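**Q** For the record, the sequence lines run as chains A and B.
Numbered per this note's numbering, the first sequence finishes at 61, counting up by one with no gaps.
Numbered per this note's numbering, the second sequence finishes at 61, counting up by one with no gaps.
Got a structure here, written out as structure tokens. Questions coming.
Protein chains: 2
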Amino acid sequence: MKARVHVMLKDGVLDPQGEAVRHALGSLGFDGVAGVRQGKVIELELAEGTTEATVGEMCEKLLANTVIESYRIELL
Amino acid sequence: MKARVHVMLKDGVLDPQGEAVRHALGSLGFDGVAGVRQGKVIELELAEGTTEATVGEMCEKLLANTVIESYRIELL
């Protein structure tokens, strides 16, 4: 089975990478880009029967820094 | 309107970051993790009426390196 984890910086946490992308898009002539946030997506190939709770534990322990990042789990 | 872009390394392209995560999960006692791929997710706050084609252009020009990365666009 597969799981996909999205890790994004929490609202209010400065995102310099996203800001750089926003600026670059403007320079390239793309108007109307009001904001950009950049995060990580992690695709996991897991043993059958792995629960969402286990994936949540992986996020808490390794994949996300929960002080500044939030995560979302999608089982595929 | 919002758009979300997923950028992943193409199959066959070595993903050392994903490999490091796989190894670390094993060290933490999570068994059965057969593979990990790490990519980027970019959330864009766009002007109303921006088309998927425009977002595609952003991907081609800036957001993805299409030699080694593939991208997927989601309009929200």
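All C-beta atoms in this analysis are idealised placements derived from N, C-alpha and C, irrespective of residue type, glycine included.
Since we're looking at a predicted model, the values are computed, not measured.
If the cut-off is 7 Å on Cβ atoms, which residues from the stretch 20 to 35 of chain A count as contacting chain B, listed in chain order?
**A** Gly20, Val21, Arg22, Gln23, Gly24, Lys25, Val26, Ile27, Glu28, Leu29, Glu30, Leu31, Ala32 and Thr35
**Q** With a threshold of 8 Å, are at least 3 pairs of Cβ atoms found where one atom belongs to the stretch 46 to 55 of chain B and the other to the stretch 11 to 22 of chain B?
**A** no
**Q** Let me know the secondary structure DSSP gives Met(-14) (chain B) once reduced to three states.
**A** coil
**Q** Verify the CB distance criterion: does Leu60 (chain A) have a CB-CB separation below 9 Å to chain B?
**A** No, Leu60 (chain A) lies away from the interface with chain B (no Cβ there is under 9 Å from its Cβ).
**Q** Counting only Cβ pairs nearer than 7 Å, list the residues of chain A close to Gly17 (chain B).
**A** Leu31, Ala32 and Thr35
**Q** What in chain A is Cβ-close to Lys46 (chain B), meaning under 8 Å?
**A** Leu13
**Q** Report the residue from B:Val6, B:Gly41, B:Ile53 and B:Ala5 whose alpha carbon sits nearest the alpha carbon of Leu29 (chain B).
**A** B:Gly41
**Q** Spatial neighbours of Met(-7) (chain A) within its chain, please: C-beta separation below 7 Å, excluding the five flanking residues on both sides.
**A** Only residues of its own chain outside the window of five on either side were considered, and among them Arg22, Gly24, Glu54 and Ser55 have a CB closer than 7 Å to the CB of Met(-7) (chain A), listed in chain order.
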